[in-house]
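In mature numbering (1 follows the signal peptide of the UniProt record, and there is no 0), the protein residues as written are -20 to -1, 1 to 294.
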């Protein structure tokens, strides 16, 4: 009888689903920006969909995510419950800061979202259009101050490309880098800078409230529901999309990596995540596994070329 009971308990235990992983997600930036929003959106979706029982978010800002990346790579080796958010900005920051720790030192899992850049000015500004802003830039590049994210990131690259497209020396731009979207937004709203640049989602509520004026977006075609021309439409040949990704710790076994991949795939297809994308205005650019690894290599190479072209990397 004892053997029967023991066998029944063992069979029951084996039939139970594996316990959901408890994840800790690092947002390698200050609260309020795109990476922070992405990490907290992942937290909500993973928990609401029952993919993870408990998800914590930690912020480690600085140097375009490279401070957080270095900490993550050194402290989380082999930890299958640790994730980090990153993206195009981090690719540029690694090159610009000559970071000894790169994305090769973690385990890239998937690209999740894409978002186009938006150029804004405070509502009180006398600049009414992208052409007026560019005229000021042409007259005196240094007099036009830009608030954006980290040096060498998507925002910085976009300003450099716009300057180049307008015939202005991109090395002369007056770009002020902020470690968090909240700080940059405060500088723009307080008229401490001429203009601001970031992903559209970070400005959307202020644009809709009328406190910021949207001058242009960096998409190839007009964005549905967004009342602004594209840079291309305005005569400046610049199209740029900021993408965001999630990576796992270094040193994972094949089984551990597969388990994380499976969780992120469930998340990407979930109703909660799809609703988040719609609410935030993020494009679904999901790409995972070997395909993402190959695309990441191409993106790193292309970014290095652009940064050299605009004088940010030698």
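Just so you know, even glycine gets a beta-carbon here, dropped at the ideal spot from N, CA and C. Nothing here was measured: the structure is a model prediction, and the numbers come from that model.
- The beta carbons of residue 210 and residue 29 sit no closer together than 7 angstroms.
- Closest by C-alpha distance to residue 189, out of 68, 276, 103, 69, is 103.
- Distance check between residue 277 and each of 71, 4, 176, 227 places 71 closest, using alpha-carbon atoms only.
- Per DSSP, the unbroken alpha helix (DSSP H) holding residue 185 starts and ends at 180 to 189.
- Beta-carbon to beta-carbon, residue 227 and residue 86 are separated by about 4 angstroms, close enough to satisfy the 8 angstroms threshold.
- Ranked by Cα distance from residue 181, the options 124, 49, 206, 200 are led by 206.
- Annotated three-state conformation of residue 172 is coil, per DSSP.
- For residue 69, the uninterrupted alpha helix (DSSP H) run begins and ends at 68 to 76, by DSSP.
- Per the C-alpha coordinates, the member of 127, 286, 244 positioned closest to residue 218 is 286.
- At a Cβ-Cβ threshold of 7 angstroms, residue 68 and residue 142 do not count as neighbours.
- Just so you know, the alpha carbons of residue 201 and residue 57 end up roughly 42 angstroms apart.
- Apart from the 5 residues on each side of it in sequence, residue 290 sits with its Cβ closer than 6 angstroms to the Cβ of 140, 150 in its chain, given in chain order.
- Between residue 256 and residue 32, the C-beta gap is not smaller than 7 angstroms, which leaves the two residues out of contact.
- When the five nearest sequence neighbours on each side are left out, the beta carbons in the same chain lying within less than 6 angstroms of the beta carbon of residue 292 are those of 76, 132, in order along the chain.
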